[in-house]
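Here is the structure we will look at.
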Amino acid sequence: MYMVYWTIVDEDAATPHAQGFDTSEMVAAMTFMEALRKRQRAGEGVQFITMCSEHPDLVGHPGVDVTGPDYNWKKRRR
Numbered sequence: 000m001y002m003v004y005w006t007i008v009d010e011d012a013a014t015p016h017a018q019g020f021d022t023s024e025m026v027a028a029m030t031f032m033e034a035l036r037k038r039q040r041a042g043e044g045v046q047f048i049t050m051c052s053e054h055p056d057l058v059g060h061p062g063v064d065v066t067g068p069d070y071n072w073k074k075r076r077r
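Numbering that gives the first Met the number 0 puts the first residue of the sequence shown at 0, with every later residue one more than the last.
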């Protein structure tokens with residue numbers, strides 16, 4: 000899944016917005032972002048245009064997990 004986030008600034012008031020897109024709709028999400036950027040270049044108060052993704056079929060949980068006492072990873076240096 001993709002989410003596009005942007006903010007509309009109008010007379011010192013900032014209003015956040017978001018729109019979701021399915022995992023198969025990356026091109027549509029990027030096209031939507033480009034339309035927002037065109038509005039921004041035209042002088043509208045569109046700011047902070049960004050996109051993030053989260054795969055629905057992840058095997059594990061995102062983020063850092065706690066390691067046990069037997070965890071002994073070392074970075075190799077030559």
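Even glycine gets a Cβ: it sits at the ideal position worked out from N, Cα and C. Being a predicted model, the structure only gives us computed values, none of them experimental.
Cβ shell of Met50 (< 8 Å), same chain only, five flanking positions each side left out:
Same-chain partners within the cutoff: Tyr1, Met2, Val3, Tyr4, Ala28, Met29, Met32.
Less than 8 Å between the C-beta atoms of Thr6 and Gln46, yes or no?
In this structure, Gln46 lies closer than 8 Å to Thr6 by Cβ.
Per DSSP, His16 forms a beta bridge with which residues?
Bridge partners of His16: Trp5.
Mark Leu35 as exposed unless 16 or more other C-beta atoms lie within 10 angstroms of its C-beta, in which case mark it buried.
Result: buried.
Could you tell me which residues DSSP pairs with Gln46 in its beta bridges?
Beta-bridge analysis with DSSP links Gln46 to Thr6.
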